[in-house]
Amino acid sequence: MSCTMKKTKNAALVAVGAAALPLLTAFPASAVPEPSAKAQVVRSACPGEVSVSEDGGRVNVKIKNFKASVGGDVNPKEAQKSCSFSISIRIPQGFTGAVASTDTRLAADLDPGVVGELTQSYRWRGSPGSDVSMHAVAGHKGNLQFTDMVPTAQLKYARCDAPEFLDLETRIRVKSSDPSEEGWLSLDSPGGGMTYSFAYKVCNR
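Read in order, the letters of the sequence shown are residues -31 to -1, 1 to 174 in mature numbering (1 follows the signal peptide of the UniProt record, and there is no 0).
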């Protein structure tokens, strides 16, 4: 696989390999909140679904019909797809949370000269700026997985004891300088989707 990664726009994001990540916490295991975190899509520009892991520490997002294609008889407009949506996150009372890592799983079928790009951003509504990550891969066929971790010292926590909205944006694009080459990149594949893992800490009183 030929895989390159572009420098992120925010230093808070650090790219790692495709290994599964443990849930990061900012408190002793004895203080872990009950798995009562809830999430639901409150605004979406594209069809999708969201679910919360049993431990309340991960939010899984699936976007339907999210595929970018280039080459052949494909309409040039299909070379890029973007989706923005908001998720309502209810964090257990007495705690606050931050996105500690993002894990994105895709599928690709790219001719050697075709490049697929993934750009993602997220932020708590009302907070300044967004955390942005970018990844690119060329000539790949098969599944892909990209994981980005936020250093502990740079976690951006939500407000305490209040429903919060996490604004998300995802964009995929495929491009080629050779019109004879074809390729596609998709999040709507078996096992495809995004997982946002949260770190919790006790609110200051």
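Ideal Cβ placement from N, Cα and C applies to all residues, glycine included. What you are looking at is a predicted structure, and each value in this text was computed from that prediction instead of being measured.
- Residue pairing by DSSP places E18 opposite K31 in a beta bridge.
- Three or more beta-carbon pairs separated by less than 8 Å link the region 76 to 85 to the region 105 to 113, which places the two stretches in contact.
- The straight-line gap separating the alpha-carbon atoms of E86 and F35 is approximately 13 Å.
- DSSP places C52 inside the beta strand (DSSP E), whose first and last residues are Q49 to R59.
- Of the residues assessed, V171 falls on the exposed side of the cut-off, its CB having fewer than 16 other CB atoms within 10 angstroms.
- Annotated three-state conformation of Q123 is helix, per DSSP.
- As the crow flies, the alpha-carbon of M118 is around 15 Å from that of G26.
- Short of 6 Å from the beta carbon of K50, and not among the five residues preceding or following it, lie these beta carbons of its own chain, in chain order: F35, A37 and I141.
- The criterion of a C-beta distance shorter than 8 Å is satisfied by L156 and L75.
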